[in-house]
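Those protein sequence lines, which keep their order, are chains B and D. Under the working numbering, the first residue of the first sequence is numbered 764, with each subsequent residue one higher. Under the working numbering, the first residue of the second sequence is numbered 356, with each subsequent residue one higher. In this text, a Cβ means the ideal position worked out from N, Cα and C, and glycines have one as well.
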Amino acid sequence: MDFYYSLAQIIGFHALIGLSAYVVLQTGQVSLAQAGFFAIGAYVAAMLTVLAGWHLVPAMLAAGVAAAVMACIVGFPALRVRGLMLVIATLAFGEAVRLFFFNFDYQIAKGGVKVGPLGGEGFRQIRWFPEHGWTSFDVMLFVWAVVALVAGALWWMDRSRFGAVLRAVGEDELAAQSVGLNLTAVKVAAMTIGGFIAGLGGAIYAHYTTHIEHSNFNVLLATFAIAYPILGGLRNVFGTIVAVIFVQGFLVEGLRFLGDWRNLLFGALIVLAMNLRPNGLIDAATAQRLARLFGRETRRA
Amino acid sequence: MGFVDYVQAIIDGLLFGTTYSLIGIGFTLVFGVMHKINMSYAAASLAGAYCGLAGPQLLSLPLWSVFPISIVAAGVIGYLIYLACFRFIPLASPLAPLMSTVGMLLLVDEIVVHATAGMPQNYPAIYDGDPIELGAFILRADLLGVFLISLVAMVVLLLLLYRTRLGMATRAVAQQPVAAQLCGMRLQAVNGLTFVMSGLLGGVAGAMIGASVGMLSPLISGTITVKGLIVTVIGGLGSIPGAIVAGLLVGAAENLFQAMRNVTERDIYVMLLLFVFLVLRPNGLFAAGRGRD
C-alpha cells in the first residue's frame, strides 16, 4: 500500500510544478525555469526545517515566497524578450540555479553530525516527516490537500477578472495592450504566482525524498513541468492534473515492466501526441464536448 | 595564473568556440526559415557523431571514415526530425513543435544511451601532431584542425545560401513564405532541405566536438543544447553572422571563466553572460530587421 501512497505523493508534487507552468502558459509564455524555482523552494524549505528547526508549514510558505521573489526578479529582464527567446532565457536561468546549488556548501554541526547542503553530494537527512511521526498516508493527505488548495485557487482565478486578463495577454498581446493592460505587469505577476506554486511543490518534494541534489532539478524536470499543461491543454486546471496522472501514473509507473524501453517510449509518445493533438489532449473543442456531456447528465439526474 | 595563461585560455576557447558557432548556426537557420526552434538539434548532431563511430566499430572501416559518416548520418537524422516534429503539425500552434522537439530530444538521448549502454565512447582526434608554439603561447594542433574544418563548413554553408538556387529559395521562404509559394517554391521541400542542411552542419559540429573532447558521452548533449541556444540568443535569432561571433565569444568566455574559477562554476557565468545580453541587447548582437512580415 505504501507504494501507492508514495506514487500519489509523486503525482502530487508533479501536479504542483505542472500547475506552476500552467499559470505562466496562460499568458502565452513558455518558461523552462520552473525546475529552478522548484529547486529554490526545495533548498529553502529544507534549510529552514533542518538547520533552523522551523515547522514544515511556515517553511513551505517561506520557500514559496523565496521562489516567488526570485521569479519576480528574473521576470523583469527575461520578459523583455518574447516567445522562443524567453524559452531559452528561462532554460538558462534554470540551469544557472541548478549549477548554483551544485556549488553551494552551507553545513552546520547538529547533534554530532554535519547537516546542510554540500555541493555535488546534495542535502541529506531532511527528516521532518519521520521525526514528527507522519505516516506515508498522512503525508499523502497533506500533499493532496495542498494540491487541492492550489488547484482550487487557480480554478477560481480562471473565472475571475484576473484570469481573463491573463488569457487576454496569452491570446493576443497587441489587443490586450490596446485595451489598456500593462503587459509586463501581467506577465511578471503570472511568473511570480508560478514561482510561488513551484516553490511550494519543491518544499514538499524535499521532505518527501529526504535527500535532494542538484541533478534532481535538471532540464528534464523543467520539460515535464511544461509538458503537463501542454499535453493536458490550457482550458482548465484539470487538464494539467489529468496529464500528470497519465504521465506519472501510467507512463512512468504503469509501464515499468518495459524496463529501459520505457524511457524511449516517453519521448516518442510526446512526439506522437503533438502530431495527433497539437492543442493538447483536452483542447477547447473537447472541453466543450465534455461540458455538454456532463451538463446533459446532470439535467437527466 | 598570470596574464599569459588567461590569453592562452582565450585562444583555446576561441578555437573550440567554432563548434558552438556551428550549433548556433543550425538553430538559427531553422528559426530563420520556419520561425520555430528545433530543441532536439544539438542532441541529433551528437547522435550523428555517434553513428559515425559505427563505421570503424561495427563495419571495420578505416578510422577516418568516422567523420564523413557522422556528417551524412546527422543530415539524415535532421530530415527524420523534420518529418516527425514539423511536417504534419499545423504551423498555427506555436507550442506543439516546441513540445514535439523536446520529446524528440528525450527520445534521441535515450536511443543513444540504449545503443551505447550509457558508456562514454572514444572519439578519434582529427590530427595528433605536435602543438604549434607561437612565442609564449601554444596552439593545440587538434583544436586548430577543429577550427579550420568548422570554418570550411561555415564557408560552404554561406556559399550554398548566397550562391545557389537552393539558397535563394531558402532565403525567399525565410523572408516571405506566402510570396515564395506564389512564385512556385514548394514550402515543404524547402523546409525539409533546410533541416538537411542544418543537420549536415550539426554533423560537422558533433564530429568536431567529439574530436576535440576525445570522447562522446550522453552527458554532453544537455550542455551543448544550452550553449547552442545561448549562442543563438546572444547572436540574435535568425542571424548567421551573429551566431558565428557569439559562438566564438561564448567559447572564449567559457574557457576564461574556467581558468579564473573552476569547471563546476564555469557555466554559471556563461548563463549570467546571457542575462547581461538579455538586459542590454535583448535582440542580440546582430538583430534582424524588424517588421519583415
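| Query | Result |
| --- | --- |
| Partners in chain D for M833 (chain B), counting only beta-carbon separations shorter than 8 Å | Those do not exist, as M833 (chain B) stays about 13 Å from chain D at its closest Cβ, beyond 8 Å. |
| Beta-carbon gap between T973 (chain B) and I1033 (chain B) smaller than 8 Å | no |
| Residue-level contact to chain B via CB, M615 (chain D), 8 Å cutoff | no |
| For A1069 (chain B), three-class secondary structure by DSSP | Coverage of chain B is limited to positions 764 through 1064, which leaves residue 1069 (chain B) absent and any answer about it impossible. |
| CA-to-CA distance, V618 (chain D) to I745 (chain B), given in whole angstroms | For residue 745 (chain B) there is no data in the structure shown, the boundaries of chain B being 764 and 1064. |
| Identity of the residue in B:R930, B:G857, B:W817 and B:A938 nearest G791 (chain B) by Cα | B:R930 |
| Environment of G484 (chain D) [buried if 16+ CB atoms lie within 10 Å] | exposed |
| Selection from B:G775, B:M764 and B:F766 that minimises the alpha carbon distance to F718 (chain B) | Here chain B has residues from 764 to 1064 only, and residue 718 (chain B) is not among them. |
| Neighbourhood of V1007 (chain B) by C-beta distance below 7 Å, restricted to the same chain and skipping five residues each side | I774, H777, A778, G781 and Y991 |
| T898 (chain B), buried or exposed, once every other Cβ within 10 Å from all chains shown has been counted against 16 | exposed |
| Beta carbon proximity, R930 (chain B) to chain D, threshold 8 Å | no |
| Reduced DSSP secondary structure (H/G/I, E/B, other) of L592 (chain D) | coil |
| Proximity below 8 Å, CB of P423 (chain D) to CB of L571 (chain D) | no |
| Where E976 (chain B) falls: helix, strand or coil (DSSP) | coil |
| Reduced DSSP secondary structure (H/G/I, E/B, other) of K873 (chain B) | strand |
| Assigned secondary structure, I493 (chain D) (DSSP; H/G/I helix, E/B strand, else coil) | strand |
| Alpha-carbon to alpha-carbon, S395 (chain D) and N546 (chain D) | 16 Å |
| Status (buried if at least 16 other CB within 10 Å, exposed otherwise) for W891 (chain B) | buried |
| Cβ neighbour criterion (16 or more within 10 Å) applied to Q772 (chain B) | buried |
| Simplified DSSP assignment, three categories, for G879 (chain B) | coil |
| Exposure of S978 (chain B), with buried meaning 16 or more beta-carbon neighbours within 10 Å | exposed |
| Per-residue contacts from G458 (chain D) into chain B (C-beta, under 9 Å) | T986, A990, F1029, G1030, A1031, L1032, I1033, V1034, L1035, A1036 and M1037 |
| Neighbourhood of Y971 (chain B) by C-beta, 6 Å cutoff - its chain only, sequence neighbours within 5 removed | Q772 |
| Test item: CB-CB of P445 (chain D) and P1041 (chain B) under 8 Å | yes |
| Secondary structure, beta strand (DSSP E): runs of 3+ residues fully inside the region 849 to 927 of chain B | 871 to 873 and 876 to 878 |
| Secondary structure of Q531 (chain D), DSSP reduced to three states | coil |
| Per DSSP, the bridge partner or partners of L571 (chain D) | D:Q476 |
| Where G577 (chain D) meets chain B, residues with beta-carbon distance less than 8 Å | N981 and V982 |
| Cα-Cα separation, G561 (chain D) to L811 (chain B) | 44 Å |
| Residue-chain proximity (E620 (chain D), chain B), Cβ-Cβ < 8 Å | yes |
| Neighbourhood of T580 (chain D) by C-beta, 6 Å cutoff - its chain only, sequence neighbours within 5 removed | A397 |
| Nearest candidate by alpha-carbon position, reference Y785 (chain B), set B:Y768, B:E884, B:M920 and B:G957 | B:G957 |
| Stretch pair the region 456 to 464 of chain D + the region 1022 to 1030 of chain B: three plus CB contacts closer than 8 Å | yes |
| CB contact below 8 Å: N1042 (chain B) versus chain D | yes |
| Cβ-based neighbour list, F856 (chain B), same chain, cut-off 6 Å, excluding 5 preceding and 5 following | A796, G799 and V837 |
| Three CB pairs or more closer than 8 Å across the region 422 to 438 of chain D and the region 357 to 375 of chain D | no |
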